[in-house]
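In our numbering, the protein residues as written are 107 to 318.
Glycine is no exception: its CB is placed at the ideal position from the N, C-alpha and C atoms.
Structure, as structure tokens:
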């Protein structure tokens, strides 16, 4: 689904990512790589291949979109360095033409030197004439600019007849903030409220649909 945000064209991807067409910029939030390994280390029984879908999904998305730039909106890795780092390095090495930037989140505690070694830039935020990209919502964003963030893992509950309901990931737009859904397979969902000023786009298996 294509929409306009602050006079620029974006595509809301059902792969749970955002694409800014004029820059060929792919925006991904909250992958939380290494989360399964972290949980197993803490004694929580999670299958070793529980997160293999994240790497496959990233690779498929990079091939499909063929972006020039990728912004990871924080929480790329869930915890400290573990064996998942090697899987990630193998993935990044397949796409030398893409410029990757990690915008730090609260879970991003791996030494920044490790990212620089594989040519990934690390920063706290990125700001241009129309947008500010950060992990969480920032205070003091200049009037007229839109803050594009992750962190929340936004979801929307859809209800049907017979007390049936389901929760889906969503893109959530409210005033000057755009919240991108969490990309990772091991991320939960936080239910967002519908308000008069909000725009909610539910992520379906084969597309994105605005919820009115």
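- Residue nearest to residue 225 within the set 241, 176, 126, 120 is 176 (criterion: CA-CA distance).
- According to the DSSP assignment, residue 126 belongs to the beta strand (DSSP E) that extends over 123-126.
- Here residue 276 carries a strand assignment [DSSP, helix/strand/coil].
- With a 10 Å radius around the Cβ and a threshold of 16 neighbouring Cβ atoms, residue 192 comes out exposed.
- Going by C-alpha positions, residue 281 is about 14 Å away from residue 245.
- Using a Cβ-Cβ distance cut-off of 8 Å, the segment 246-256 and the segment 302-312 are not in contact, since fewer than three pairs of beta carbons, one from each stretch, lie closer than that value.
- Apart from sequence neighbours up to five positions away, the residues of its chain that approach residue 279 with a beta-carbon distance below 6 Å are 305, ordered along the chain.
- Comparing alpha carbon positions, the residue from 123, 139, 181, 243 closest to residue 197 is 139.
- Residues of the same chain with a CB within less than 8 Å of the CB of residue 284, apart from the 5 flanking positions on each side, are 111, 124, 252, 253, 254, 255, 277, 278 in chain order.
- Judged by their CB atoms, residue 215 and residue 180 are not nearer to each other than the 9 Å cut-off.
- Residue 115 and residue 108 have their C-alpha atoms spaced approximately 7 Å apart.
- Residue 122 is classed as buried because its beta carbon has at least 16 other beta carbons within 10 Å across all chains shown.
- Sixteen is the threshold: since fewer than 16 other Cβ atoms of the shown chains lie within 10 Å of the Cβ of residue 203, the residue is exposed.
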